[in-house]
Amino acid sequence: MKRPAQVLLLALTGIGLLHAALFTDLYLRYVKEGLRPLLIVSGVVLLLLGLASGVRAGKHAERAEEAEHAGHAHGHDHSRVPGVAWLLFLPALSLLFHAPPALGAYTAARSNDKAVKEHKAFDPLPATSPLPMTLTDFTARVQQDRDRAIKGRTIQMTGFATPAGHGGGWYLTRIIFTCCAADSQTVKVRMYGAQAPPANTWLAVTGTWHPHGALGTRTAQAALDVRSAERVTPPVNAYTDDLPLTPS
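Each residue of the sequence shown is one higher than the one before, counting from 211 in the working numbering.
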């Protein structure tokens with residue numbers, strides 16, 4: 211790969227990062243929202259490096275041409291970089307022209323489950339019905355709340371459907387970025403009493419805790435007896451465990 215190609219690669223990567231972080235929401239498929247400023251800075255730095263390298267390459271070419279005209283040329287540089295290096299252009303171009311597929315049921319079925327934070331005490335639950343909850347909060351209440359405040363309450367949660375495997379059934383799922391896609395973890399709640407929707411379907415699900423195990427202990431299953439499930443539009447930032455969305 212010659213210097214002009216290297217310059218172009220730097221510039222394309224920088225432009226791609228700036229495009230993803232400034233003009234679209236695509237960066238949210240790579241990193242969590244708080245890292246957006248770092249992506250912008252990285253894009254600017256790469257673009258400036260590409261421009262600086264281009265200026266330097268131009269000056270070098272001018273000096274080489276002057277030396278050749280003066281009869282001081284000593285031949286050409288025949289060093290080559292392996293052709294596989296040209297594949298580096300693919301990720302750079304993908305930032306501009308190809309949106310990566312969103313992580314979904316396939317990833318969730320193979321990634322680590324997110325450890326639920328230990329709670330020493332819980333605040334009282336509001337009287338709202340149905341009660342909006344995140345999957346993480348629901349799981350914590352089911353397995354740690356000794357007061358069993360969740361018993362009999364109608365809960366509403368949002369996530370996407372993930373098949374439960376060979377045994378059938380399905381989970382309501384959220385994928386959570388700690389930092390970026392490489393360290394993604396999942397939180398899943400088992401659904402009962404409703405036919406499994408197609409994988410990756412985003413739903414607002416309403417129901418009550420499915421009795422399995424001793425509520426308020428680790429033996430309790432994070433599961434819901436489904437009363438209703440309505441399709442919703444996927445959120446822009448899909449890699450958090452936020453409160454339920456409004457059904458579309």
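We put the beta carbon where it would ideally sit given N, CA and C, even for glycine.
Remember, predicted model here, so these are calculated numbers, not experimental data.
Query, Result
"Spatial neighbours of residue 256 within its chain, please: CB distance less than 8 Å, with the 5 preceding and 5 following residues excluded, ordered by chain position.", "220, 221, 223, 224, 227"
"How long is the line joining the alpha carbons of residue 321 and residue 400, rounded to whole angstroms?", "16 Å"
"Using the C-alpha atoms, what's the distance from residue 358 back to residue 197?", "No answer is possible for residue 197: it lies beyond the span of the chain, which begins at 211 and ends at 458."
"Among 268, 424, 374, which has the Cα closest to the Cα of residue 461?", "The shown model of the chain, from 211 to 458, leaves out residue 461, and the question about it has no answer."
"Select from 344, 369, 242 the residue whose C-alpha is nearest the C-alpha of residue 389.", "242"
"What are the start and end residues of the alpha helix (DSSP H) that includes residue 323?", "Taken as a continuous stretch (DSSP letters only), residue 323 belongs to no alpha helix (DSSP H), as it is neither H nor E."
"Rounded to a whole number of angstroms, what is the C-alpha to C-alpha distance between residue 238 and residue 353?", "31 Å"
"Do you know whose CA, among 384, 332, 264, 338, lies nearest residue 215's CA?", "264"
"With C-beta atoms as the reference, is residue 369 less than 8 Å away from residue 341?", "no"
"Could you have a look at residue 195 and say whether DSSP puts it in helix, strand or coil?", "With the chain running from 211 to 458 in the structure shown, residue 195 is simply not present."
"DSSP on residue 434, reduced to helix/strand/coil?", "strand"
"Which same chain residues, not among the five before or five after residue 438, have their C-beta less than 6 Å away from its C-beta?", "416"
"Tell me whether residue 353, by its Cβ, gets closer than 7 Å to a heavy atom of the ligand PLP.", "As presented, the structure is devoid of all ligands, the ligand PLP included, so that no description of it is given."
"Does the beta-carbon distance from residue 371 to residue 409 come in below 8 Å?", "yes"
"DSSP has residue 383 in a bridge; who is on the other side?", "370, 398"
"Within its chain, find whatever has a CB closer than 6 Å to the CB of residue 231; leave out the 5 residues flanking it on each side and keep chain order.", "237, 246, 249, 250"
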